[in-house]
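**Q** A single structure is presented below for examination.
If you want it as structure tokens, here you go:
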């Protein structure tokens, strides 16, 4: 009997105020495929969730990767997130509030999903693998549709009182 191959692919997703960007990575975290769409947050959270899932599904289809091959999904969102539940508490640039993104993605794709603030994700990426690698502290300010800041100290993302 041949054992099934372990999950070998990861999805990364950046949900921005005006655009969404999805990337499929292999087991060594090398990018394999990308998709980009307009966010259209004004259409509401339900339509936005459909766009997110549709974008991820199309990316997998184009790359000929099945859901069973996914190890996990990471999503950065423009606003505070409940880190325990993966609920978007509020995304002012989108007009969304109390959106259960983690639960939806885990049910739809059958793998673990982690949702966090987009700037926190960016600063943590720089801390672990980018310009701030090897530093004790990393601080970042990211301008875009809005503006956000993030702080990592000794491997931990610092969050404010309202998870921002």
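Residue numbers (my numbering): 523 to 686. We put the beta carbon where it would ideally sit given N, CA and C, even for glycine. The model shown is predicted, which means the values in this text are computed figures rather than measured ones.
1. For residue 561, count the other beta carbons within 10 Å of its own beta carbon; 16 or more makes it buried, fewer makes it exposed. Which is it?
2. Hey, residue 620 and residue 635 are a contact pair by Cβ (cut 8 Å); roughly how many whole angstroms apart?
3. Should the stretch 651-659 be called in touch with the stretch 603-623, which here means at least 3 C-beta pairs below 8 Å?
4. Just to confirm, are residue 631 and residue 589 a CB contact at a threshold of 8 Å?
5. Is it true that the CB of residue 595 sits closer than 8 Å to the CB of residue 601?
6. Under 8 Å, do residue 638 and residue 598 count as touching if we go by C-beta distance?
7. Based on Cα-Cα distance, which residue from 534, 541 and 569 lies nearest to residue 552?
8. Reducing DSSP to helix, strand and coil, say where residue 548 ends up.
9. Please classify residue 675 as buried or exposed, where buried requires at least 16 neighbouring CB atoms within 10 angstroms.
10. Are the CB atoms of residue 558 and residue 541 within a distance shorter than 8 Å?
11. Short check: CB of residue 672 to CB of residue 641, under 8 Å?
12. Can you give me the Cβ contacts of residue 544 inside the same chain, cut-off strictly under 6 Å, excluding the 5 residues immediately before and after it?
**A** Result, derived from the coordinates:
1. Counting from 1 along the chain shown, the entry for residue 561 is found at position 39. Counting of Cβ neighbours within 10 angstroms places residue 561 among the buried residues, the total reaching 16 or more.
2. Taking the chain shown and counting its residues from 1, one reaches residue 620 at position 98. Taking the chain shown and counting its residues from 1, one reaches residue 635 at position 113. That pair is no contact at about 17 Å.
3. As far as the Cβ criterion goes, the stretch 651-659 does not touch the stretch 603-623, which means the pair count is below three.
4. In the chain shown, the residue the question calls residue 631 occupies position 109. In the chain shown, the residue the question calls residue 589 occupies position 67. Yes, Cβ-Cβ distance for residue 631 and residue 589 is below 8 Å.
5. On the chain shown, residue 601 is found 79 positions in, with the first residue counted as 1. On the chain shown, residue 595 is found 73 positions in, with the first residue counted as 1. Their beta carbons are not under 8 Å apart, which means residue 601 does not touch residue 595 by this criterion.
6. Working through the chain shown from its first residue, we reach residue 638 at position 116. Working through the chain shown from its first residue, we reach residue 598 at position 76. Against a cut-off of 8 Å, the Cβ pair of residue 598 and residue 638 comes out as a contact.
7. Counted from its first residue, the chain shown places residue 552 at position 30. The residue among 534, 541 and 569 with its C-alpha nearest the C-alpha of residue 552 is 534.
8. Along the chain shown, read from residue 1 onward, the residue named residue 548 stands at position 26. If DSSP states are grouped into helix, strand and coil, residue 548 belongs with coil.
9. If you number the chain shown from 1, residue 675 lands on position 153. With fewer than 16 Cβ atoms within 10 Å of its Cβ, residue 675 is classed as exposed.
10. Along the chain shown, one-based indexing puts residue 541 at 19. Along the chain shown, one-based indexing puts residue 558 at 36. Against a cut-off of 8 Å, the Cβ pair of residue 558 and residue 541 comes out as a contact.
11. Walking along the chain shown from the start, residue 672 turns up at place 150. Walking along the chain shown from the start, residue 641 turns up at place 119. Yes, Cβ-Cβ distance for residue 672 and residue 641 is below 8 Å.
12. As a first step, residue 544 is located in the chain shown; it is residue number 22 there, counting from the start. Closer than 6 Å at Cβ, skipping near neighbours: 535, 557, 577, 578 and 581.
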